[in-house]
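Peer 1: Take a look at the following structure, please.
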Amino acid sequence: MTLLLILVITLAVLLGVTPIRRALISAPVFKVFKKILPPLSETEQQAMEAGDVWWDGDLFQGKPDWQKLHHYPKPRLSEDEQAFMDEQVETLLAMLDDYDIVQKKRDLPEKVWDYLKQEGFFAMIIPKSYGGRGFSAIANSTIVSRIASRSLTAAVTVMVPNSLGPGELLMHYGTDQQKEYWLPRLADGRDVPCFALTGPEAGSDAGGIPDTGVICRGEFEGEEVVGIRLNWDKRYITLSPVATVLGLAFKLFDPDGLLGDKKDIGITCALIPTTHPGVEIGDRHFPMGMAFMNGTTYGKDVFIPLDWIIGGPDYAGRGWRMLVECLSAGRGISLPALATATGHLASRMTGAYSYVRQQFGLSIGKFEGVQEAFARIGGLTYGLEAMRVMTAGAIDLKLSPGVVTAIAKYHMTEMSRTILNDAFDIHAGRAIQLGPKNYLAHGYMGVPISITVEGANILTRNLMIFGQGATRCHPYVLAELQAAANPDANEGLQQFDGLLLRHVGFALGNTFSCLWQGLTAAAFNKSPMAGETARYYKQLSRMSRALALTADISMLMLGGDLKRKEMLSARLGDVLSHLYMASAVLKFYEDNGRQQADLPFVHYNLQRALAEIGRAFDGFFANFPARAVAVVLKRLIFPFGIGYKMPADDICMEICDALSKPGVIRDRLTHLCYIGEGEQDPTGLMEQAFIEMHQAQPQLKAILLAQRDGKISRKVPMDQAISEAEAAGIVTAEQAEQLHHMNKLRFEAISVDSFKSGEL
Ligand SMILES: Cc1cc2nc3c(=O)[nH]c(=O)nc-3n(C[C@H](O)[C@H](O)[C@H](O)COP(=O)(O)OP(=O)(O)OC[C@H]3O[C@@H](n4cnc5c(N)ncnc54)[C@H](O)[C@@H]3O)c2cc1C
Numbered sequence: 054m055t056l057l058l059i060l061v062i063t064l065a066v067l068l069g070v071t072p073i074r075r076a077l078i079s080a081p082v083f084k085v086f087k088k089i090l091p092p093l094s095e096t097e098q099q100a101m102e103a104g105d106v107w108w109d110g111d112l113f114q115g116k117p118d119w120q121k122l123h124h125y126p127k128p129r130l131s132e133d134e135q136a137f138m139d140e141q142v143e144t145l146l147a148m149l150d151d152y153d154i155v156q157k158k159r160d161l162p163e164k165v166w167d168y169l170k171q172e173g174f175f176a177m178i179i180p181k182s183y184g185g186r187g188f189s190a191i192a193n194s195t196i197v198s199r200i201a202s203r204s205l206t207a208a209v210t211v212m213v214p215n216s217l218g219p220g221e222l223l224m225h226y227g228t229d230q231q232k233e234y235w236l237p238r239l240a241d242g243r244d245v246p247c248f249a250l251t252g253p254e255a256g257s258d259a260g261g262i263p264d265t266g267v268i269c270r271g272e273f274e275g276e277e278v279v280g281i282r283l284n285w286d287k288r289y290i291t292l293s294p295v296a297t298v299l300g301l302a303f304k305l306f307d308p309d310g311l312l313g314d315k316k317d318i319g320i321t322c323a324l325i326p327t328t329h330p331g332v333e334i335g336d337r338h339f340p341m342g343m344a345f346m347n348g349t350t351y352g353k354d355v356f357i358p359l360d361w362i363i364g365g366p367d368y369a370g371r372g373w374r375m376l377v378e379c380l381s382a383g384r385g386i387s388l389p390a391l392a393t394a395t396g397h398l399a400s401r402m403t404g405a406y407s408y409v410r411q412q413f414g415l416s417i418g419k420f421e422g423v424q425e426a427f428a429r430i431g432g433l434t435y436g437l438e439a440m441r442v443m444t445a446g447a448i449d450l451k452l453s454p455g456v457v458t459a460i461a462k463y464h465m466t467e468m469s470r471t472i473l474n475d476a477f478d479i480h481a482g483r484a485i486q487l488g489p490k491n492y493l494a495h496g497y498m499g500v501p502i503s504i505t506v507e508g509a510n511i512l513t514r515n516l517m518i519f520g521q522g523a524t525r526c527h528p529y530v531l532a533e534l535q536a537a538a539n540p541d542a543n544e545g546l547q548q549f550d551g552l553l554l555r556h557v558g559f560a561l562g563n564t565f566s567c568l569w570q571g572l573t574a575a576a577f578n579k580s581p582m583a584g585e586t587a588r589y590y591k592q593l594s595r596m597s598r599a600l601a602l603t604a605d606i607s608m609l610m611l612g613g614d615l616k617r618k619e620m621l622s623a624r625l626g627d628v629l630s631h632l633y634m635a636s637a638v639l640k641f642y643e644d645n646g647r648q649q650a651d652l653p654f655v656h657y658n659l660q661r662a663l664a665e666i667g668r669a670f671d672g673f674f675a676n677f678p679a680r681a682v683a684v685v686l687k688r689l690i691f692p693f694g695i696g697y698k699m700p701a702d703d704i705c706m707e708i709c710d711a712l713s714k715p716g717v718i719r720d721r722l723t724h725l726c727y728i729g730e731g732e733q734d735p736t737g738l739m740e741q742a743f744i745e746m747h748q749a750q751p752q753l754k755a756i757l758l759a760q761r762d763g764k765i766s767r768k769v770p771m772d773q774a775i776s777e778a779e780a781a782g783i784v785t786a787e788q789a790e791q792l793h794h795m796n797k798l799r800f801e802a803i804s805v806d807s808f809k810s811g812e813l
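Residue numbers 54 to 813, in the working numbering, belong to the letters of the sequence shown in order.
Here's what the structure looks like:
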């Protein structure tokens with residue numbers, strides 16, 4: 054008892070008496086902390102600090118407040134936006150012939166360019182006061198999605214001016230004069246923008262651009278002024294071949310101190326008319342054969358005035374932060390929109406094709422092998438839509454959630470890659486043969502583009518999601534890093550001291566909570582909803598705690614090395630990502646009125662998310678270098694093993710069933726997919742064949758029965774069977790006519806294009 058008493062008093066003094074604690078605990082820990090920390094570059098620091106923490110913060114910190122999630126408003130289109138969808142977007146879609154655009158013209162037709170400019174498609178994010186449409190993020194996303202289901206080329210052309218680029222940068226940082234000059238011109242299409250960051254030597258490492266601007270005196274409009282002499286060489290720039298205004302990122306230097314004391318000012322963004330002397334718009338690239346404009350630009354010793362810097366001279370050197378803050382639009386709206394469109398198109402068309410296409414006497418959709426792949430398409434598509442809506446919703450809350458949008462960018466583009474692979478496998482030769490009838494090929498060819506742009510995917514998964522997530526979403530780490538970076542060591546120690554105790558308390562709380570939830574299989578966790586989804590909330594809360602604990606332990610054990618251990622950190626990023634995706638699906642299900650028909654899709658996504666979380670943890674523990682710690686951690690979190698399983702087969706079959714018959718459920722789940730008018734249109738033809746085949750089911754069954762009973766011939770072409778059935782009185786003349794039409798459509802729908810010798 055005496056010893057225990059002494060121990061308790063010692064601990065109380067050590068932890069409770071600030072000068073003693075600071076001297077004996079916080080100071081040595083702070084020293085070690087500073088030592089193991091990698092020095093942060095300025096660009097890394099800015100990237101870490103930019104943007105907002107949102108729902109990702111709840112998930113990372115181990116205690117998601119589900120009520121809060123469900124209280125975020127359901128994103129929806131305004132009346133104006135819906136009217137634009139119904140009128141302008143539908144008109145545009147009817148004007149697009151993607152085969153002609155991509156394979157023949159290699160450009161959008163003139164009348165489409167004109168329509169896009171005239172109707173403000175390039176000005177969706179520009180406020181109405183400047184002549185733009187002033188649309189919300191969810192509208193921007195829905196419009197781009199719907200266009201992408203028809204033509205990737207048109208969608209990319211529309212999405213780029215509405216994404217990271219001159220428009221977005223001007224609205225956030227432009228001077229009044231810049232806004233008043235440029236925004237109306239961008240809104241009515243007099244000017245077409247592009248934004249040039251990437252060059253031959255700087256792709257993923259965009260902060261390392263070699264392009265320079267030097268502050269100097271020069272002549273502008275006949276007068277000598279202080280300005281910038283620019284040299285740049287950029288590639289891969291979307292819209293550059295047709296751009297009239299170039300947004301340019303470069304590193305600014307002031308060797309003669311014309312602006313102040315700082316010689317190396319840093320990354321800066323300027324807006325330059327492409328007609329300005331010295332600006333060269335170079336050759337056009339040909340990205341995966343897609344027809345949207347993409348190319349190079351360069352300039353040598355081009356002199357511009359200082360007030361062409363976006364935001365004016367005050368914003369010199371603040372370009373990197375501006376870019377990182379605005380990245381959310383591209384990552385959180387545009388690329389998710391493209392990915393979701395892929396899902397809607399693939400779900401609708403694959404469902405139709407696998408019904409229309411018959412082999413071995415059955416629709417191929419009846420074979421379980423095909424169902425497995427088709428369920429993946431349908432299941433993932435539901436997840437894509439849920440994530441698209443939730444992420445755009447965050448941006449509509451006027452947030453710039455860097456981690457969430459990186460998750461959306463990476464996972465949604467990867468999901469669309471999986472979906473297209475499956476859709477190709479199911480369509481087989483029908484998807485391979487290029488021609489006007491092929492509605493999948495251009496999407497498939499375009500997938501690597503989405504994977505590459507706005508932060509190539511490997512980098513996004515390995516560095517951004519967890520790297521940024523760990524510092525931004527953690528309740529203490531960013532503040533601890535800032536304390537360590539404090540040039541006043543005493544003040545830094547004081548800040549750190551306050552954080553350390555709370556951090557230790559946080560980690561201990563997580564440890565006990567993980568053990569308890571593991572032992573009880575989260576049975577006592579609270580769920581905000583009753584019914585079939587309750588168990589998922591409980592498990593997700595449990596896995597959120599597990600992530601908080603594992604992230605803390607890894608940062609403690611590996612320190613700055615964790616940044617280089619990308620294979621490990623990416624797995625923790627995967628856990629965070631799947632928690633986010635699962636949350637999005639649960640919210641989507643609730644926001645849409647808990648429809649019974651959605652349940653197989655919800656189960657699919659939640660079971661998949663938990664299985665992927667389990668897989669990521671398993672890989673993490675198997676490879677964590679401190680073996681004893683890994684074993685203890687795994688036992689603590691999963692005392693009875695990792696029990697999560699991929700979606701069960703019966704759930705997959707229910708998904709296939711829902712998407713294989715016409716009706717409101719299929720329409721709702723694939724609402725972004727454009728179906729062209731008439732049988733001449735590739736999607737219109739497939740849809741019509743599918744519907745007529747469904748309508749003909751009773752007669753087809755009667756014919757099959759008659760064949761089995763030997764009343765009419767077996768194993769003959771369908772047209773002959775129909776005629777024999779008519780003659781035998783099994784179907785009426787009117788029904789026979791409809792059946793012949795259905796059969797003609799069916800055959801057309803399974804046909805592919807072919808070309809005469811020399812035609813290609
Ligand atoms: C069609 C198209 C349109 C584009 N439009 C524009 C535009 O309008 N404006 C513009 O400025 N740019 C544009 N880009 C450029 C785009 O943003 C870059 O391609 C992208 O940043 C990747 O650069 P990179 O292609 O040079 O790949 P690299 O940087 O060479 O990367 C190669 C691979 O290495 C990986 N990698 C690199 N570093 C790491 C790391 N630390 N950890 C893990 N993996 C890593 C990458 O993920 C990638 O898989 C466009 C590109 C394309 C293809």
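Here a beta-carbon is modelled for each residue, glycine too, at the ideal position from N, C-alpha and C. It should be emphasised that the depicted structure is a prediction, and the values quoted were computed from it without experimental measurement.
(1) Quick check on the burial criterion: 16 or more other C-beta atoms within 10 angstroms. Buried or exposed for Ile485?
(2) Skipping 5 residues on each side, what residues in its chain have a beta carbon closer than 8 Å to that of Pro180?
(3) Any heavy atom of ligand 1 within a distance shorter than 7 Å of the CB on Cys247?
(4) Taking the C-alpha atoms as reference points, what is the distance between Lys579 and Ile690?
(5) Decide if the region 285-305 is in contact with the region 233-248; the criterion is three or more beta carbon pairs, one per stretch, under 8 Å apart.
(6) Is Gly313 near Thr395, with beta carbons less than 8 Å apart?
(7) Can you list, in chain order, the residues of its chain whose CB lies under 7 Å from that of Val213, leaving out five sequence neighbours each side?
(8) Is it the case that the Cβ atoms of Asp229 and Tyr633 are separated by a distance below 8 Å?
(9) Could you give the DSSP three-state label for Trp235: helix, strand or coil?
(10) Could you tell me the alpha carbon to alpha carbon distance between Asp703 and Thr586, rounded to whole angstroms?
(11) Between Ala344 and Val155, what straight-line distance do the alpha-carbon atoms span, to the nearest angstrom?
(12) Any heavy atom of ligand 3 closer than 7 Å to the CB of Gly508?
(13) Ligand 1 and Asn347: does any heavy atom of the ligand fall closer than 7 Å to the residue's C-beta?
(14) Between Thr444 and the rest of its own chain, which residues show a CB-CB distance below 7 Å, the 5 nearest in sequence each way excluded?
(15) Taking 7 Å as the cut-off, is the beta-carbon of Gly512 closer than that to any non-hydrogen atom of ligand 1?
(16) Using the C-alpha atoms, what's the distance from Met608 back to Ala536?
(17) Once the 5 residues before and after Arg203 are set aside, which same chain residues still bring their CB inside 6 Å of it?
(18) Measure the CB-CB distance between Asn563 and Gly115 and report whether it falls below 8 Å.
(19) Roughly how many whole angstroms lie between the Cα atoms of Asp118 and Ser131?
(20) Under 8 Å by Cβ, that's how I've got Phe549 and Glu533 pegged, so tell me the actual separation to the nearest angstrom.
(21) How do the region 272-290 and the region 355-368 stand: do at least 3 beta-carbon pairs fall below 8 Å, yes or no?
(22) Beta-carbon within less than 6 Å of Asp307's beta-carbon, same chain only, minus the 5 sequence neighbours each way: which residues are those?
(23) What would DSSP say about Ile362, mapped onto helix, strand or coil?
(24) Can you say whether Gln521 is buried or exposed, counting buried as having 16 or more other CB atoms within 10 angstroms of its CB?
(25) Excluding the 5 residues flanking Glu233 on each side, which residues of the same chain have their C-beta closer than 7 Å to its C-beta?
(26) So does Thr524 have its beta carbon nearer than 7 Å to some heavy atom of ligand 1?
(27) Could you tell me the distance, in whole angstroms, from the CA atom of Ala786 to the CA atom of Glu779?
(28) Quick one: is Asn543 buried, meaning 16 or more other Cβ sit within 10 Å of its Cβ, or exposed?
(29) Express the C-alpha separation of Ile363 and Ala399 in angstroms, rounding to a whole number.
(30) Consider the C-beta atom of Ser204 and the heavy atoms of ligand 1; say whether any pair is separated by less than 7 Å.
(31) As a quick exercise: from Ala476, Gly508, Lys768, Gln752, pick the residue whose alpha carbon is nearest that of Glu790.
(32) What separation, rounded to the nearest whole angstrom, lies between the Cα atoms of Glu254 and Ile262?
(33) What number of angstroms, rounded off, separates the C-alpha of Gly848 from the C-alpha of Phe420?
(34) Please go through the same chain and pick out, in chain order, the residues whose beta-carbon is closer than 7 Å to the beta-carbon of Met610, but skip the five residues on each side of it.
(35) Expressed to the nearest angstrom, what Euclidean distance is found between the alpha-carbon atoms of Asn510 and Glu378?
(36) Taking 7 Å as the cut-off, is the CB of Ser503 close to at least one heavy atom of ligand 1?
Peer 2: For this structure:
(1) Under this definition Ile485 is an exposed residue.
(2) Gly187, Met224, Leu236, listed in sequence order.
(3) Within the cutoff, so yes.
(4) One alpha carbon belongs to Lys579, the other to Ile690, and they sit about 18 Å apart.
(5) Counting Cβ pairs under 8 Å, three or more are found: they touch.
(6) It is not a contact, given that the beta carbons lie outside the stated cut-off.
(7) The answer, listed in chain order, is Thr291, Leu292.
(8) No. Outside cutoff.
(9) Here Trp235 carries a helix assignment [DSSP, helix/strand/coil].
(10) Whole-angstrom Cα-Cα distance: 17 Å.
(11) The alpha-carbon atoms of Ala344 and Val155 are separated by roughly 5 Å.
(12) The ligand content of the structure shown is limited to ligand 1, which means ligand 3 is not among them.
(13) Shortest gap from the CB of Asn347 to any heavy atom of ligand 1: under 7 Å.
(14) Apart from sequence neighbours up to five positions away, the residues of its chain that approach Thr444 with a beta-carbon distance below 7 Å are Gly385, Pro389, Val457, Thr458, Ala461, ordered along the chain.
(15) The sequence shown places Leu at residue 512, rather than the Gly named in the question. Checking the Cβ of Leu512 against ligand 1 gives yes.
(16) When rounded, the distance between both Cα atoms is 16 Å.
(17) Around Arg203: Leu146, Leu149, Tyr727.
(18) At a Cβ-Cβ threshold of 8 Å, Asn563 and Gly115 count as neighbours.
(19) In a straight line, the C-alpha of Asp118 is about 29 Å away from that of Ser131.
(20) Contact holds; Cβ gap of about 6 Å.
(21) With a cut-off of 8 Å, the region 355-368 and the region 272-290 count as touching, because enough Cβ pairs lie within range.
(22) Counting only Cβ-Cβ distances below 6 Å, and skipping sequence neighbours, we find Ile268, Lys316, Ile318.
(23) Looking at Ile362 - three-state DSSP - the assignment turns out to be strand.
(24) Residue burial is scored here from C-beta neighbours: Gln521 has at least 16 other C-beta atoms within 10 angstroms and is therefore classed as buried.
(25) Cβ within range, chain order: n/a, list empty.
(26) Look at Thr524: its beta carbon is at least 7 Å from all of the heavy atoms in ligand 1.
(27) The alpha-carbon atoms of Ala786 and Glu779 are separated by roughly 6 Å.
(28) Counting Cβ neighbours within 10 Å, Asn543 comes out exposed, since fewer than 16 surround it.
(29) Straight through space, the alpha carbons of Ile363 and Ala399 are spaced by roughly 41 Å.
(30) No; taking the cut-off as 7 Å, the Cβ of Ser204 has no heavy atom of ligand 1 nearer than that.
(31) Relative to Glu790, the option among Ala476, Gly508, Lys768, Gln752 whose CA is nearest is Gln752.
(32) Taking the straight line joining both Cα atoms gives about 7 Å.
(33) An answer regarding residue 848 cannot be provided, because it is not within the stretch 54 to 813 covered by the chain.
(34) Counting only Cβ-Cβ distances below 7 Å, and skipping sequence neighbours, we find Ala679, Val682.
(35) Going from the Cα of Asn510 to the Cα of Glu378 covers about 19 Å.
(36) No, the beta carbon of Ser503 sits no closer than 7 Å to any heavy atom of ligand 1.
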